[in-house]
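Chemist:
Numbering (our numbering), first residue to last: 12 to 224.
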């Protein structure tokens, strides 16, 4: 989920043993006494690449973000639903992890702490899109898991595909796919700004370049 790219990456493709997918399917049914059945079952013929032949594809649509986290979370490696980035001078983006603030020193009663607050770059973040992530959204964004068993039948290896989308946030505000923020879209709908509004907007953008926390 890199900030520099759009929110519709190519699917992740893995070739795994059937036993591995059986364990994953058990996680798909976590919280239910019954095994979760696929949303879709499709039969198809692959003749444009190896391996050739007739296969069946099973597709699950997950529309709950917390369920996705329960499926893929492990004690050794929890699933990260968001990632933070900073913008470099050349226009590229690098992952950013805000360090924990140092502990507050103990001062005697009545002592005034004039220590300046820490400064960090403007917050750029990507987030996993699952379900209706905005209040006015009608269609939910599913997290899709596809399984094609017995792609290599003698070794019982199948093909696992994972489809997902992610969004972009700047200072907590979601952005459109073309990189424009919702504020920019609202400004365009409202018509042109006066010269005074334009000057004020430029000043605001300059002040937003650094956040004080």
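For each residue, glycine too, the CB sits at the ideal point set by N, CA and C. It should be emphasised that the depicted structure is a prediction, and the values quoted were computed from it without experimental measurement.
State whether the segment 159-174 contacts the segment 23-34, with contact taken as three or more CB pairs (one from each stretch) at a distance under 8 Å.
Modeler: Touching, yes, given that three or more Cβ pairs across the two stretches are closer than 8 Å.
Chemist: Helix, strand or coil for residue 56 per DSSP?
Modeler: Position 45 of the chain shown, counted from the first residue, corresponds to residue 56. Three-state result, residue 56: strand.
Chemist: Can the beta-carbon of residue 176 be found closer than 8 Å to that of residue 68?
Modeler: Walking along the chain shown from the start, residue 176 turns up at place 165. Walking along the chain shown from the start, residue 68 turns up at place 57. The answer is no: Cβ separation not under 8 Å.
Chemist: Can you check DSSP and say which residues form a bridge with residue 79?
Modeler: If you number the chain shown from 1, residue 79 lands on position 68. None, per the DSSP bridge assignment.
Chemist: Quick one: what's residue 95 bridged to in DSSP?
Modeler: Position 84 of the chain shown, counting from 1, holds the residue named residue 95. In the DSSP secondary-structure assignment, residue 95 is bridged to 136.
Chemist: Verify whether the separation of the beta carbon atoms of residue 73 and residue 141 is less than 8 Å.
Modeler: Your numbering for residue 73 matches position 62 in the chain shown. Your numbering for residue 141 matches position 130 in the chain shown. In contact: residue 73 and residue 141 (Cβ atoms closer than 8 Å).
Chemist: My output table needs one value for residue 163: the three-state DSSP class, helix, strand or coil.
Modeler: By one-based count along the chain shown, residue 163 stands at place 152. Strand.
Chemist: Excluding the five sequence neighbours on either side, which residues of its own chain have a C-beta within less than 6 Å of the C-beta of residue 47, listed in chain order?
Modeler: Stepping through the chain shown from its first residue, residue 47 is reached at position 36. 39, 40, listed in sequence order.
Chemist: DSSP three-state call for residue 36: helix, strand or coil?
Modeler: The count along the chain shown starts at 1 and reaches residue 36 at position 25. In this structure, residue 36 counts as helix in the three-state DSSP scheme.
Chemist: Count the other CB atoms, across all protein chains shown, that sit within 10 Å of the CB of residue 173; report buried if there are 16 or more and exposed otherwise.
Modeler: The count along the chain shown starts at 1 and reaches residue 173 at position 162. Residue 173 is exposed by the Cβ-count criterion.
Chemist: May I ask you to list the residues that DSSP assigns as paired with residue 65?
Modeler: In the chain shown, the residue the question calls residue 65 occupies position 54. DSSP output for residue 65 lists 56 as bridge partner(s).
Chemist: Looking only at its chain, what residues have a beta carbon closer than 6 Å to the beta carbon of residue 53, apart from the 5 residues adjacent to it on each side?
Modeler: Numbered from 1 along the chain shown, position 42 holds the residue referred to as residue 53. The residues are 68.
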